[in-house]
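Structure first, commentary second.
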Amino acid sequence: MSSSSWREEATKRMQKVLKVNEECVKYVGLDKDAIANQVFNALLTLSAKTDAPVKLSEIAETIYNTSEKSKQDILRLTMDKTLLKCGIVEKIYFTERDVRYFPSAYRFQEVRRVEKSAGQKMDQLIGEVMEVPRKYWPVPREFYELTALRGGYEDALSRLEEDREQGSVDAATYSQVKARLQAEMELIVKKLREYEGIGDLMTTR
């Protein structure tokens, strides 16, 4: 995939909520010092910067300040037993020898498997949806730029209405400027529709 394709993939992963069991939920806490938590933290940081999957050597360099094989082996074994086993991180094969890693999700819901009276099993939701800090979310820069532009046009239209009410703008100028501002803002709103899912997420806490 190209960088833009991975950016689109990351957008999809930001919107989903990954269910994790009681054993796995501890690995998504970035405030913990366990190696698995450090790995997830490093992966989130690196993938947000590059908009692409991350090599194990890059993760090792971030955690240990070295990418020597022995350190990579420790991380590989840890990931196999924790983050990969729990589905929190995905292993991606670019080629047979080029293996990289990418977060499976950025929001998580703890679940507990319970057995109903009829012998059926179901997932019971535990607590609220947890999300990694939003500074790690790979939100495209264009989303922020377009959002800021839309806000600027909304302010300009609001000021224009005030000027019209105060009589400082004549009718012809008012109509001309308003039409131009609305047309330009509509183009921005149209582009923002591409990020509709992200927009909904970023306006909720």
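In our numbering, the protein residues as written are 127 to 331.
Using N, Cα and C, we set each Cβ at its ideal position, and we do this for glycine too.
Contacting residues, own chain, Cβ-Cβ under 6 Å from residue i (five flanking each side not counted)
{"i": "V151", "result": "E236"}
Of the residues the options, the one placed nearest residue i, counting alpha carbons only
{"i": "A162", "options": "K138, Q246, W132 and G213", "result": "G213"}
{"i": "E322", "options": "M248, T192 and E268", "result": "E268"}
{"i": "L283", "options": "R306, I314 and Q198", "result": "R306"}
{"i": "D224", "options": "Q302, L182 and G293", "result": "L182"}
{"i": "W132", "options": "D157, D159, K158 and A178", "result": "A178"}
Limits of the beta strand (DSSP E) - the one that residue i falls within
{"i": "G253", "result": "K247 to E257"}
{"i": "F234", "result": "R233 to E241"}
Contacting residues, own chain, Cβ-Cβ under 7 Å from residue i (five flanking each side not counted)
{"i": "M311", "result": "R276 and Y279"}
{"i": "I324", "result": "T137, M140, V265 and F269"}
Distance between beta carbons of residue j and residue i, contact taken as under 8 Å
{"i": "I185", "j": "L201", "result": "6 Å"}
{"i": "L169", "j": "V180", "result": "6 Å"}
{"i": "L318", "j": "L272", "result": "5 Å"}
Cutoff 8 Å: residue i Cβ touching any chain C Cβ
{"i": "P259", "result": "This model lacks chain C altogether; it includes just one protein chain."}
Segment limits, alpha helix (DSSP H) that includes residue i
{"i": "R276", "result": "R267 to Q292"}
{"i": "L313", "result": "A297 to L318"}
{"i": "V146", "result": "Per DSSP, V146 belongs to no alpha helix (DSSP H); it is in the beta strand (DSSP E), V143 to V146."}
Cut-off 8 Å between Cβ atoms - residues of its own chain near residue i, not counting five sequence neighbours on either side
{"i": "E257", "result": "Y232, R233 and F234"}
Pairs of beta-carbons, one from the segment 135-151 and one from the segment 208-227, closer than 8 Å: are there three or more?
yes
Per the contact definition of three or more C-beta pairs closer than 8 Å, is the segment 258-276 in contact with the segment 165-175?
yes
Between the segment 136-143 and the segment 225-232, do at least 3 Cβ pairs fall closer than 8 Å?
yes
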